[in-house]
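Please read the structure below before turning to the comments.
Residue numbers (this note's numbering): -4 to 56.
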(Lines of atoms letter the chains of each structure in order from A and count residues from 1; the text may use other names and numbers.)
(Lines give C-alpha, C1' and ligand atoms only; values in the text may rest on other atoms or scores of the structure.)
Protein backbone atom coordinates (compact mmCIF):
# COMPACT_ATOMS: atom_id res chain seq x y z
CA UNK A 1 0.00 0.00 0.00
CA UNK A 2 2.83 2.40 0.81
CA UNK A 3 4.46 2.09 -2.60
CA UNK A 4 1.14 2.15 -4.45
CA UNK A 5 -0.59 5.13 -2.84
CA UNK A 6 1.35 6.86 -0.12
CA UNK A 7 4.81 7.13 -1.67
CA UNK A 8 3.63 8.91 -4.86
CA UNK A 9 1.45 11.23 -2.76
CA UNK A 10 4.37 11.97 -0.44
CA UNK A 11 6.74 12.68 -3.33
CA UNK A 12 4.17 14.90 -5.05
CA UNK A 13 3.49 16.79 -1.82
CA UNK A 14 7.18 17.40 -1.16
CA UNK A 15 7.75 18.55 -4.73
CA UNK A 16 4.75 20.91 -4.60
CA UNK A 17 5.87 22.37 -1.28
CA UNK A 18 9.37 23.05 -2.61
CA UNK A 19 7.91 24.43 -5.83
CA UNK A 20 5.68 26.80 -3.86
CA UNK A 21 8.62 28.02 -1.77
CA UNK A 22 10.63 28.62 -4.95
CA UNK A 23 7.81 30.52 -6.64
CA UNK A 24 7.23 32.58 -3.49
CA UNK A 25 10.92 33.43 -3.37
CA UNK A 26 11.19 34.35 -7.07
CA UNK A 27 7.93 36.19 -7.71
CA UNK A 28 6.09 38.97 -5.93
CA UNK A 29 2.94 37.98 -4.02
CA UNK A 30 0.30 36.64 -6.40
CA UNK A 31 -3.44 36.92 -6.10
CA UNK A 32 -6.45 35.23 -7.64
CA UNK A 33 -6.18 33.11 -10.75
CA UNK A 34 -2.39 33.22 -10.87
CA UNK A 35 -2.22 31.18 -7.68
CA UNK A 36 -4.55 28.54 -9.12
CA UNK A 37 -2.50 28.30 -12.30
CA UNK A 38 0.75 27.92 -10.36
CA UNK A 39 -0.85 25.29 -8.10
CA UNK A 40 -1.99 23.31 -11.15
CA UNK A 41 1.47 23.47 -12.71
CA UNK A 42 3.01 22.43 -9.40
CA UNK A 43 0.70 19.44 -9.05
CA UNK A 44 1.29 18.36 -12.63
CA UNK A 45 5.07 18.59 -12.33
CA UNK A 46 4.99 16.93 -8.90
CA UNK A 47 3.07 13.99 -10.29
CA UNK A 48 5.53 13.61 -13.15
CA UNK A 49 8.41 13.82 -10.67
CA UNK A 50 6.90 11.10 -8.47
CA UNK A 51 6.32 8.82 -11.47
CA UNK A 52 9.90 9.34 -12.66
CA UNK A 53 11.39 8.62 -9.23
CA UNK A 54 9.28 5.51 -8.73
CA UNK A 55 9.99 4.22 -12.22
CA UNK A 56 13.74 4.58 -11.65
CA UNK A 57 13.40 2.88 -8.26
CA UNK A 58 11.52 -0.05 -9.83
CA UNK A 59 14.07 -0.32 -12.62
CA UNK A 60 16.95 -0.69 -10.14
CA UNK A 61 15.04 -3.19 -8.02
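In this text, a Cβ means the ideal position worked out from N, Cα and C, and glycines have one as well.
Query, Result
"Test item: CB-CB of residue 10 and residue 44 under 7 angstroms", "yes"
"Exposure label - residue 57; buried when at least 16 CB within 10 Å", "The first residue shown for the chain is -4 and the last is 56, placing residue 57 beyond what the model contains."
"Residue 23 versus residue 37 - alpha carbon distance", "17 angstroms"
"Where the alpha helix (DSSP H) through residue -1 begins and ends", "Element bounds for residue -1: n/a, residue is neither H nor E."
"Span separating the alpha-carbon of residue 20 from that of residue 2", "27 angstroms"
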